[in-house]
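In our numbering, the protein residues as written are 111 to 265. Worksheet: one structure, shown below.
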Amino acid sequence: MSDGMFFEDLAVGQKASFGKTITEADIVLFAAVTGDTNPMHLNADYAKETIFGERIAHGMLAAGLITKVLGTQLPGPGTIYMSQSLQFRAPVRIGETVTATVEVLALHPEKHRATLRTVCAVRGKPVLEGEAYVSVPSRAAAAASVPPSGTRAAE
């Protein structure tokens with residue numbers, strides 16, 4: 111497996127992060143993909159009259175950055191989401207940089223699963239927090255799927 115970790119490589123306390131500045135285009139594209147056209151995200155006049163006083167990003171757009179970390183860094187390719195809890199703490203505004211951080215909290219060797227703390231923060235303050243439960247590829251399963259030396263896999 112490239113650029114990722116097997117279950118056997120994980121340890122409680124490991125962390126990985128990814129940061130992204132949220133743009134106007136991100137919000138418009140997220141609305142198009144999901145169908146969430148809530149005027150809070152898309153209409154400046156509407157948003158001006160709300161408690162935030164301006165447009166904000168979709169909460170799930172920020173939460174989506176967690177999947178980037180899980181699927182490409184920690185644990186990495188082959189990781190499968192089983193569940194995710196989320197508590198939204200603050201809005202994300204256009205132009206703010208959101209940093210998603212994942213930390214290994216617990217390992218469940220019997221099924222090659224892990225419990226992970228998930229946080230998205232802006233300027234060091236959490237905008238959302240939660241916990242993910244994921245299935246992680248194991249080294250043994252990967253080795254079992256490799257054909258023996260000198261044979262070709264079926265095409």
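Glycine is no exception: its CB is placed at the ideal position from the N, C-alpha and C atoms. All of these numbers come straight from a predicted model, not from anything done at the bench.
query = Can you name the start and end residues of the alpha helix (DSSP H) that PHE162 belongs to?
reply = Along the sequence shown, one-based indexing puts residue 162 at 52. Element bounds for PHE162: n/a, residue is neither H nor E.
request  = Determine the burial state of LEU139: buried for a count of at least 16 other Cβ atoms within 10 Å of its Cβ, exposed for fewer.
outcome  = Reading the sequence shown from its first residue, position 29 is the one you call residue 139. By the 10 Å Cβ count, LEU139 comes out exposed.
task = For GLU206, name the three-state secondary structure that DSSP assigns.
result = Here residue 206 refers to the residue found at position 96 of the sequence shown. The answer is coil: DSSP assigns GLU206 none of H, G, I, E or B.
ask   = For ILE161, is the classification buried or exposed, using 16 other Cβ atoms within 10 angstroms of its Cβ as the cut-off for buried?
value = In the sequence shown, the residue the question calls residue 161 occupies position 51. With fewer than 16 other Cβ atoms within 10 Å, it is exposed.
ask   = Using a beta-carbon distance below 8 angstroms, is ALA200 in contact with chain C?
value = The chain inventory of the structure shown lacks chain C, comprising one protein chain alone.
Closest Cα partner of GLY205 within the set ALA172, SER248, ARG249, GLN194 = Walking along the sequence shown from the start, residue 205 turns up at place 95. From the listed residues ALA172, SER248, ARG249, GLN194, the smallest Cα separation to GLY205 is found for ALA172.
query = In three-state DSSP terms, what is SER112?
reply = Position 2 of the sequence shown, counted from the first residue, corresponds to residue 112. Note that SER112 scores a pLDDT of 45, beneath 50, so its modelled location is shaky and nothing firm can be said.
ask   = Starting from THR147 and walking both ways along the alpha helix (DSSP H), at which residues does that stretch end?
value = Taking the first residue of the sequence shown as position 1, residue 147 is located at position 37. Per DSSP, THR147 lies in no alpha helix (DSSP H) and is assigned neither H nor E.
message = Quick check on GLU118: does DSSP put it in helix, strand or coil?
response = For the purposes of this step, residue 118 is taken as the residue at position 8 of the sequence shown. Residue state, collapsed to three classes: helix.
request  = Using the DSSP secondary-structure output, state which residues sit across from GLU241 in a beta bridge.
outcome  = Sequence index remark: in the sequence shown, residue 241 carries index 131 (1-based). Paired residue(s): SER195, ARG227.
Check whether LEU184 and ALA126 have beta carbons under 8 angstroms apart = Numbered from 1 along the sequence shown, position 74 holds the residue referred to as residue 184. Numbered from 1 along the sequence shown, position 16 holds the residue referred to as residue 126. With a cutoff of 8 angstroms on beta-carbon distance, LEU184 and ALA126 are scored as near each other.
task = Answer yes if the segment 140-149 comes into contact with the segment 231-240, meaning at least three C-beta pairs across the two stretches below 8 angstroms, and no otherwise.
result = No, the segment 231-240 does not touch the segment 140-149.
ask   = If you count every other CB in all the chains shown that lies within 10 Å of the CB of TYR170, and 16 or more means buried, which is it?
value = Position 60 of the sequence shown holds residue 170. The question names Tyr, yet the displayed sequence has Met at residue 170. MET170 comes out exposed.
key: Nearest residue (CA-CA) to GLU134, options ASN153, VAL237, GLU159   = Position 24 of the sequence shown holds residue 134. Checked all of ASN153, VAL237, GLU159; the closest Cα to GLU134 is ASN153.
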